[in-house]
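Asker: Protein chains in written order, with our numbering: chain A, 172 to 288; chain B, 920 to 1288.
Here a beta-carbon is modelled for each residue, glycine too, at the ideal position from N, C-alpha and C.
After the structure tokens below, expect a handful of questions from me.
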């Protein structure tokens, strides 16, 4: 749930941690977490994802639909043990989540939905 | 020294199989793009080291990969596939309603015979794309999708997929399941359905202009007016560039199947893999067989040497058969059981060249001098 009030922004040059699923790490040619640089007044899901795609253009279309910008159906966004997947992409992240991401104590996780049965 | 390279796309990655001209010992490299579905890979006739691959998952969508060293290394190319012109319009959905066109994946890649940077792609929902920069950017050839019959196209069980692309200079053919075959005489600007003679019991008007579930179409380069088709049911032939079709199923044990192949040097020699039925996607009696006609259809012979005699319940998908151009024509096909079978003698005898891949979606072959 998005909390009311202003979410902390990311000052110029703030680096935030992003965890990508294995297939996207392979595609981007990275190992482990990635750091992306943000400079936004309010931290939002879209701001993080724009920064990821800006740094790794090959990921364009793999997390969000290129045309609509919507999250692909089998992708999830987690942070601080919260599911942010269905939050509006331009809504400020919850204060505590944004603060932890900006501080670097928690990553923003892009997760491939579980498959099984 | 002659080298043969087989490109196998599978449910869980791409594999490259290589041999010398004898084609009796093979090495396997891969998986490339492990864990991703690779619907199709194909090399450029103009530069065999240029290979394109269609890589997809339900999680992360569509990618196109490009190799400039014959599949040893790969670079992601462009994956911006949209429908040109804003509102893409609608097509018929399974429940009879109209549904907006929605891009899902690329089924087939067809490199230009003349230019390694030019490649065509067939998409789901049915659309034809062209790239002139080695796959970096793609443009839809909208003339197909705005063809007057398009709002009536309905997906088959596998989706509304454009799976066949045949390039004959300014003349082109595409096939769409379950719409039918379409022809352009102006390099893809305008299109018309070419399905006269097709008869499909699964649609309300069995002789309709569109609505036929065409599974695959092939043509021999030396005889461009002759087309061979494996339809949902029925093996068909056209000798007038698709304007009319006649059934050539003849003595086949069943005329349901997916791929059809044409011998590299004998334009009347064709191959199919009969499958039991539309509800039983495995060979009759658990015996995997290729059937060959040397007369362009109607008279067929069973090819069994080296193929499983019993307990075989695999399928062979529409893009999973290919021929090479060596003097003794090689024929190849891949199965949903992960085997790729090869014949170095035009189908007289067969052997698996790899046995335990993921389900094979596509097979293409290149001969390298």
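Quick one: residues in its chain with C-beta nearer than 7 Å to the C-beta of residue 954/B, no 5 flanking neighbours on either side, listed in chain order?
Answerer: The residues are 931 and 932.
Asker: Using the C-alpha atoms, what's the distance from residue 984/B back to residue 227/A?
Answerer: Whole-angstrom Cα-Cα distance: 16 Å.
Asker: Throw me the rounded Cβ distance for the residue 192/A and residue 283/A pair, which I believe falls under 8 Å.
Answerer: Confirmed, Cβ separation roughly 4 Å.
Asker: Going along the chain, which residues of the stretch 194-225 of chain A sit with their C-beta nearer than 9 Å to a C-beta in chain B?
Answerer: Those residues of the stretch 194-225 of chain A that come within reach of chain B (Cβ to Cβ, closer than 9 Å) are 194, 195, 197 and 198.
Asker: Once you ignore the five residues that flank residue 1101/B on each side, which residues in its own chain have a CB closer than 8 Å to its CB?
Answerer: The residues are 1063, 1066, 1092, 1093, 1094, 1095, 1110, 1111, 1112 and 1113.
Asker: So what does DSSP say about residue 1271/B, is it helix, strand or coil?
Answerer: Strand.
Asker: Which residues, taken in chain order from the stretch 987-1017 of chain B, show a beta carbon closer than 7 Å to some beta carbon of chain A?
Answerer: Those residues of the stretch 987-1017 of chain B that come within reach of chain A (Cβ to Cβ, closer than 7 Å) are 995, 998, 999 and 1001.
Asker: Contact defined as beta carbons within less than 8 Å: I believe residue 1256/B pairs with residue 1233/B. What is the distance between those atoms, to the nearest angstrom?
Answerer: About 4 Å separates the two Cβ atoms, so the contact holds.
Asker: Using the beta-carbon of each residue, which ones in chain B are nearer than 7 Å to residue 272/A?
Answerer: Those within 7 Å of residue 272/A in chain B number zero; the least Cβ separation is about 23 Å.
Asker: Pull out every residue of the stretch 1050-1071 of chain B whose Cβ sits closer than 7 Å to any Cβ of chain A, in chain order.
Answerer: So nothing in the stretch comes that close.
Asker: Below 8 Å, how does it come out for the stretch 1216-1228 of chain B and the stretch 1114-1127 of chain B: are there three or more Cβ pairs, yes or no?
Answerer: Result no; under three Cβ-Cβ pairs closer than 8 Å.
Asker: By the 8 Å beta-carbon criterion, what residues does the stretch 237-262 of chain A contribute toward chain B?
Answerer: Flagged, chain order: 237, 238, 243, 244, 245 and 246.
Asker: Check whether the stretch 1005-1017 of chain B and the stretch 964-979 of chain B are in contact - that is, three or more C-beta pairs closer than 8 Å.
Answerer: Counting Cβ pairs under 8 Å, fewer than three are found: no touch.
Asker: Between which two residues does the alpha helix (DSSP H) harbouring residue 223/A extend?
Answerer: 216-226 is the span of the alpha helix (DSSP H), which, as asked, contains residue 223/A.
Asker: At a Cβ threshold of 8 Å, is residue 1020/B touching chain A?
Answerer: No, because no Cβ of chain A sits closer than 8 Å to the Cβ of residue 1020/B.
Asker: Mind checking who residue 1149/B pairs with in its DSSP beta bridge?
Answerer: Note: residue 1149/B sits in a beta bridge opposite 1135/B and 1154/B.
Asker: Runs of 4 residues minimum, wholly inside the stretch 1013-1091 of chain B: which ones carry the alpha helix (DSSP H) assignment?
Answerer: Qualifying alpha helix (DSSP H) stretches, in chain order: 1061-1064.
Asker: Check whether the Cβ of residue 978/B lies closer than 8 Å to any Cβ atom in chain A.
Answerer: True, the Cβ-Cβ gap to chain A drops below 8 Å.
Asker: Would you mind giving the Cβ-Cβ distance between residue 945/B and residue 1286/B, rounded to the nearest angstrom? I have them listed as a contact below 8 Å.
Answerer: In fact, because the Cβ distance is near 14 Å, the residues do not count as touching under 8 Å.
Asker: Note down the Cα distance separating residue 1227/B from residue 1193/B, rounded to an integer number of angstroms.
Answerer: Residue 1227/B and residue 1193/B: Cα-Cα distance of roughly 14 Å.
Asker: Can you list, in chain order, the residues of its chain whose CB lies under 7 Å from that of residue 1129/B, leaving out five sequence neighbours each side?
Answerer: Once the five neighbours on either side are set aside, the close Cβ partners of residue 1129/B are 1068, 1071, 1072, 1098, 1099, 1112 and 1114.
Asker: Starting from residue 281/A, find everything on chain B with Cβ-Cβ shorter than 7 Å and list it in chain order.
Answerer: The contacting residues do not exist; residue 281/A stays about 10 Å from chain B at best.
Asker: Compute the beta-carbon to beta-carbon distance between residue 1281/B and residue 1002/B, rounded to the nearest angstrom, for a pair I have assumed lies under 8 Å.
Answerer: Not quite, the Cβ-Cβ distance comes to about 24 Å (not below 8 Å), so this is no contact.
Asker: Anything in chain B within Cβ reach of residue 233/A, meaning under 7 Å, just list it in chain order.
Answerer: Residues of chain B passing the Cβ test: 979 and 980.
Asker: What does a CB cutoff of less than 7 Å around residue 1184/B pick up in its chain, not counting 5 residues either side in sequence?
Answerer: The answer, listed in chain order, is 1248.
Asker: Give me the DSSP bridge partner(s) of residue 1212/B.
Answerer: Looking at the DSSP assignment, residue 1212/B forms a beta bridge with 1189/B.
Asker: Using a Cβ-Cβ cutoff of less than 7 Å, which residues in the same chain neighbour residue 1051/B once the five nearest sequence positions on both sides are dropped?
Answerer: These residues qualify, in order along the chain: 1036 and 1037.
Asker: Just the C-alpha distance for residue 1131/B and residue 1148/B, rounded to the nearest angstrom, thanks.
Answerer: Roughly 12 Å separates the two Cα atoms.
Asker: So, does the CB of residue 229/A fall closer than 8 Å to a CB anywhere in chain B?
Answerer: Chain B contact via Cβ: present.
Asker: Is the beta carbon of residue 263/A closer than 8 Å to that of residue 220/A?
Answerer: The answer is no: Cβ separation not under 8 Å.
Asker: Got a sec: does the ligand COA put a non-hydrogen atom nearer than 7 Å to the Cβ of residue 1055/B?
Answerer: Looking for the ligand COA in the displayed structure turns up nothing, as the structure carries no ligands at all.
Asker: In whole angstroms, what is the alpha-carbon distance linking residue 1156/B and residue 1239/B?
Answerer: Approximately 20 Å, taken between the alpha carbons.
Asker: For the stretch 937-962 of chain B, list every residue whose C-beta sits within 9 Å of some C-beta in chain A, in sequence order.
Answerer: Correct list: 952, 953, 954 and 955.
Asker: Flag this pair as yes or no: are the beta carbons of residue 1000/B and residue 1048/B separated by less than 8 Å?
Answerer: Cβ atoms of residue 1000/B and residue 1048/B: closer than 8 Å.
Asker: So what's residue 196/A in DSSP terms, helix, strand or just coil?
Answerer: Of the three classes helix, strand and coil, the one that applies to residue 196/A here is helix, per DSSP.
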